[in-house]
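Protein chains in written order, with the numbering used here: chain A, 255 to 310; chain B, 873 to 1247.
For every residue, glycine included, the Cβ atom is placed at its ideal position computed from N, Cα and C.
Report on the structure given below.
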């Protein structure tokens, strides 16, 4: 077994998970997507982050 | 050179193969931009940049700490501190002028946070990979990273599931350094650690190899671009836990028992496409970028090393611990140390001290787990 097998397995798993999510999650809507840049958008940053304090 | 010897040397992919790979990557990024939104395509591209940088310059966070502890080689740690200083110098003014649109990696200091950082530091030395390191290692064909990654994700999900209980053990309010004064304190703090590392380090540690300078500049540029695009700093571990939460819900599981996963924002993110989650996109990019770079320079042909069973058990347990503890610690080397200090969070400094102490322990535990030759 060589490293290429591990890399290929990771890429297949990643693609498989994205495919699973495409079926299970809400459909994508690019027309409701935020502007390309948060800076200058006038919108508050809303993405999740590991440093965000937990909900109270 | 003999025929046998030349056959053993893996050849780099040809120009046509490289061009096809670049076209394929561009097509994936474009597809995400078209179907999810331009911001998400750009975030995937930034993630690919992180992966290419970390693998291409052979730069990371765990190895330099290990070399500082074992060999007194401070050069890698110095490179990390310089990179954070550059990020802070640009991020502090951006955050000060655009507080409504941009946010830092700000978290509270607490009992569980400190304990989590210590344990994370120990576990990352066992698998030789932090949050970003495990993703890059897995992408570049490292079997230890690939085995640790799914358990890292399960641990991250579980840590987030229990996060409120842990933070209720005792936390201070979120403390943030901001503005010119905050930046000055941050830069002085980074300089003080660098000075201490140079005093404790062996002679010549101040001379950074050229590849470190490449990594410093590329990582700092990508980190600032990430802040501008996403409105938040680079992070890793939220996305890993989210992947498991999606699988649990997809299999009919119920997350209402967790204050964290049942919070409206997290419920919405579990229901939404993973291609709209900031950290998931950069995590995918880290794996893909590392894979691309490893393939590009013919680094995928080497055989996988054989390890004893107890080493694989250790990798699985360490993966779970990495994920769980990184949620309690409010981030890994990226979310807490790199982005936390770089955007003024006091918890980043405490995280660094606790995780470095944990690393000191982890470096000494590792040989007994069958992951390296015992000395």
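request  = Check whether the Cβ of residue 273 (chain A) lies closer than 7 Å to any Cβ atom in chain B.
outcome  = Closer than 7 Å: no.
query = Quick one: does residue 301 (chain A) have its CB under 7 Å from some CB of chain B?
reply = By the rule that beta-carbons nearer than 7 Å mark a contact, residue 301 (chain A) touches chain B.
query = Around the C-beta of residue 945 (chain B), are 16 or more other C-beta atoms found within 10 angstroms, so that it is buried, or is it exposed?
reply = Flag for residue 945 (chain B) reads buried.
ask   = Cβ of residue 1224 (chain B) less than 7 Å from any chain A Cβ?
value = It does not: the Cβ of residue 1224 (chain B) has no partner Cβ on chain A nearer than 7 Å.
CB contact check: residue 1081 (chain B) to chain A, cutoff 7 Å = Taking Cβ atoms only, chain A never reaches closer than 7 Å to residue 1081 (chain B), which makes this a no.
query = Contact between the segment 266 to 283 of chain A and the segment 954 to 966 of chain B: three or more CB pairs below 8 Å?
reply = Because the criterion of three Cβ pairs below 8 Å is not met, the segment 266 to 283 of chain A and the segment 954 to 966 of chain B do not touch.
request  = Measure how close the beta-carbons of residue 979 (chain B) and residue 1219 (chain B) come, nearest whole angstrom, since I'm counting them as under 8 Å.
outcome  = Correct: roughly 5 Å between the Cβ atoms.
message = Suppose the cutoff is 6 Å on Cβ atoms and the five residues either side in sequence are ignored; what does the same chain contact list for residue 1214 (chain B) look like?
response = The residues are 956, 959, 960 and 963.
message = Just checking: is the beta-carbon of residue 1174 (chain B) within a distance shorter than 7 Å of some beta-carbon in chain A?
response = Closer than 7 Å: yes.
ask   = Run through DSSP, which three-state label would residue 998 (chain B) get?
value = Helix.
query = Mind checking if residue 280 (chain A) is an interface residue toward chain B, Cβ cutoff 7 Å exclusive?
reply = Judged by the 7 Å Cβ criterion, residue 280 (chain A) is in contact with chain B.
request  = List the DSSP bridge partners of residue 1217 (chain B).
outcome  = Beta-bridge pairing links residue 1217 (chain B) to B:1048.
message = Let's see if you can read the secondary structure: which residues bound the alpha helix (DSSP H) around residue 261 (chain A)?
response = Segment 257 to 278, the alpha helix (DSSP H) holding residue 261 (chain A).
ask   = Looking at C-alpha atoms only, which residue of B:1231, B:1188, B:1169 and B:1180 is the closest neighbour of residue 924 (chain B)?
value = Nearest of B:1231, B:1188, B:1169 and B:1180 to residue 924 (chain B), Cα basis: B:1169.
message = Check for me: the alpha helix (DSSP H) holding residue 1139 (chain B) runs from which residue to which?
response = Here the alpha helix (DSSP H) through residue 1139 (chain B) covers 1136 to 1143.
query = Would a check of beta-carbon distances place residue 1249 (chain B) closer than 7 Å to chain A?
reply = One cannot answer for residue 1249 (chain B) here, as it falls past the ends of chain B, which runs 873 to 1247.
ask   = Where does residue 1231 (chain B) sit, in a helix, a strand or coil, going by DSSP?
value = Here DSSP, grouped into helix, strand and coil, assigns residue 1231 (chain B) to helix.
key: Interface residues of chain B facing residue 296 (chain A) [CB-CB closer than 9 Å]   = For residue 296 (chain A), the residues of chain B that pass the 9 Å Cβ criterion are 972 and 973, in the order they occur in the chain.
ask   = If you measure beta-carbon to beta-carbon, which residues of the segment 1017 to 1041 of chain B are closer than 7 Å to chain A?
value = Against chain A - using a Cβ distance shorter than 7 Å - the residues of the segment 1017 to 1041 of chain B are 1018, 1035, 1036 and 1039.
inquiry  = What does the Cβ neighbour count give for residue 1037 (chain B), buried or exposed, with the cut at 16 atoms within 10 Å?
reply    = Label assigned to residue 1037 (chain B): exposed.
key: Under the three-state DSSP convention, the category residue 1180 (chain B) falls into   = Residue state, collapsed to three classes: coil.
inquiry  = Cutting at 6 Å between CB atoms, please list the residues of its own chain near residue 1090 (chain B), excluding the five before and the five after it.
reply    = Closer than 6 Å at the Cβ level, and outside the excluded window around residue 1090 (chain B), lie 925.
query = Does the count of Cβ pairs from the segment 1001 to 1011 of chain B and the segment 1139 to 1153 of chain B closer than 8 Å reach three?
reply = No: the two stretches stay apart, fewer than three of their Cβ pairs being nearer than 8 Å.
key: Contacts that residue 914 (chain B) makes with chain A (C-beta to C-beta distance below 7 Å)   = Chain A residues near residue 914 (chain B): 290.
ask   = Do you know whose CA, among B:1205, B:1088, B:1131 and B:1155, lies nearest residue 309 (chain A)'s CA?
value = Selected option, being the one with the closest Cα: B:1131.
ask   = Thinking just about the alpha-carbon of each residue, which of B:1201, B:1226 and B:1191 is nearest to the one in residue 1000 (chain B)?
value = Among B:1201, B:1226 and B:1191, the Cα nearest to that of residue 1000 (chain B) is on B:1191.
request  = Please classify residue 1027 (chain B): does DSSP put it in a helix, a strand, or coil?
outcome  = In the structure shown, residue 1027 (chain B) falls within a helical segment according to DSSP collapsed to helix, strand and coil.
request  = Determine the direct distance from the alpha carbon of residue 1207 (chain B) to that of residue 1224 (chain B), and round the result to whole angstroms.
outcome  = Going from the Cα of residue 1224 (chain B) to the Cα of residue 1207 (chain B) covers about 11 Å.
Candidates B:1241, B:1240, B:1234 and B:1242, of which the one nearest residue 939 (chain B) by Cα = Comparing Cα-Cα distances from residue 939 (chain B) to each of B:1241, B:1240, B:1234 and B:1242, the minimum goes to B:1234.
Start-to-end residues for the alpha helix (DSSP H) that takes in residue 1081 (chain B) = Under the DSSP assignment, residue 1081 (chain B) falls outside any alpha helix (DSSP H); it carries neither an H nor an E label.
Rounded separation between residue 1058 (chain B) and residue 912 (chain B) - CA only = Computed Cα separation, rounded: 31 Å.
query = At a Cβ cut of 9 Å, what residues of the segment 958 to 970 of chain B count as close to chain A, listed as they run along the chain?
reply = Those residues of the segment 958 to 970 of chain B that come within reach of chain A (Cβ to Cβ, closer than 9 Å) are 966 and 970.
key: Beta-carbon proximity check, residue 986 (chain B) vs residue 1226 (chain B), cutoff 7 Å   = Cβ distance < 7 Å, so residue 986 (chain B) and residue 1226 (chain B) count as in contact.
ask   = residue 877 (chain B) by DSSP, collapsed to three states: which one?
value = Confidence is the limiting factor: at residue 877 (chain B) the pLDDT is only 43, short of 50, which leaves the residue's position unreliable, though a coordinate-based value still follows. The DSSP-derived three-state label of residue 877 (chain B) is helix.
message = So with CB distances below 9 Å, who are the chain A contacts of residue 1115 (chain B)?
response = Counting only Cβ-Cβ distances below 9 Å, residue 1115 (chain B) has contacts in chain A at 271 and 275, in chain order.
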